[in-house]
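Step one of this worksheet: look at the structure below.
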Amino acid sequence: MQSSDTCRLPPGTYDVSKLDVDQGKLIFEEGGRVELYVSDDLSLSSGNITTAPAGEHDATRVEVNYYGNQEASVLANFTGVINAPNVKVDMDEGNYKPHVHGAIIAKKVQGDNGVQVHYDEDLSGRTVGDGRNGTTSIQYLHVTTNEVELEDD
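With this note's numbering, letter number 93 in the sequence shown gets 74, and the count goes up by one each step, no holes.
Dropping the structure here:
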């Protein structure tokens, strides 16, 4: 999407080859769930992605299932589930600090510099994907690893 483009998606299921939000605006409309199945390229690098009304963080509304084989890029604030079980999800570029409210399922998540992922407890017990298009159908799994590095001054 280019800088002046706006895409509004009403509730439903969508199969797309590419989801690339650079400077355009992507709005997931209210009234139900949106499921996206992306086959080739997933790049969310714009702060103009609206998944819920201002102030709300309902991660059960939007699910992005990526079954490509190239690294996915998430450099935007996002509320929902990003299901990319076969690839690395890169959330680290420059000084931008993306916040994800929901869950990320990936082979690896790379994020430094203040990246935040806030797990939404409402996702507990829900199924991700439906097994179609190579997307694995699984129950949510919440794993946390905390690393602390101490240095002498």
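In this text, a Cβ means the ideal position worked out from N, Cα and C, and glycines have one as well.
All values derive from a computational prediction rather than experimental measurement.
Cβ pair residue 9, residue 43 closer than 8 Å: In this structure, residue 9 lies near residue 43, with their beta-carbon atoms less than 8 Å apart.
Whole runs of the beta strand (DSSP E) within the segment 26 to 113, excluding any shorter than 3 residues
For the segment 26 to 113, whole beta strand (DSSP E) runs of length 3 or above, ordered along the chain, are 43 to 47, 53 to 55, 59 to 71, 80 to 91 and 97 to 100.
Exercise. List the DSSP bridge partners of residue -7.
Key: Beta bridge pairing from DSSP links residue -7 with 15.
(message) With H, G and I counted as helix, E and B as strand and the rest as coil, what does DSSP make of residue 7?
(response) Here residue 7 carries a strand assignment [DSSP, helix/strand/coil].
Fill in: Beta-carbon spacing of residue 147, residue 24 below 8 Å
There is no way to answer for residue 147, as the model of the chain reaches only from -18 to 134.
| query | Taking the alpha-carbon positions, what's the residue 104 to residue 85 distance? | reply | Taking the straight line from one Cα to the other gives about 11 Å.
- Message: Would residue 67 and residue 50 be called neighbours here (beta carbons separated by less than 8 Å)?
- Response: In contact: residue 67 and residue 50 (Cβ atoms closer than 8 Å).
Worksheet item: Where does residue 83 land, buried or exposed, given buried means 16+ other C-beta within 10 angstroms?
Response: By the neighbour-count rule (16 or more Cβ atoms within 10 Å), residue 83 is buried.
### Query
With burial defined as no fewer than 16 other Cβ atoms inside 10 Å of the residue's Cβ, what is the status of residue 61: buried or exposed?
By the Cβ-count criterion, residue 61 is buried, with 16 or more other Cβ atoms from all chains shown falling within 10 Å of its own Cβ.
Practice prompt. Note down the Cα distance separating residue 76 from residue -2, rounded to an integer number of angstroms.
Written response: Going by C-alpha positions, residue 76 is about 29 Å away from residue -2.
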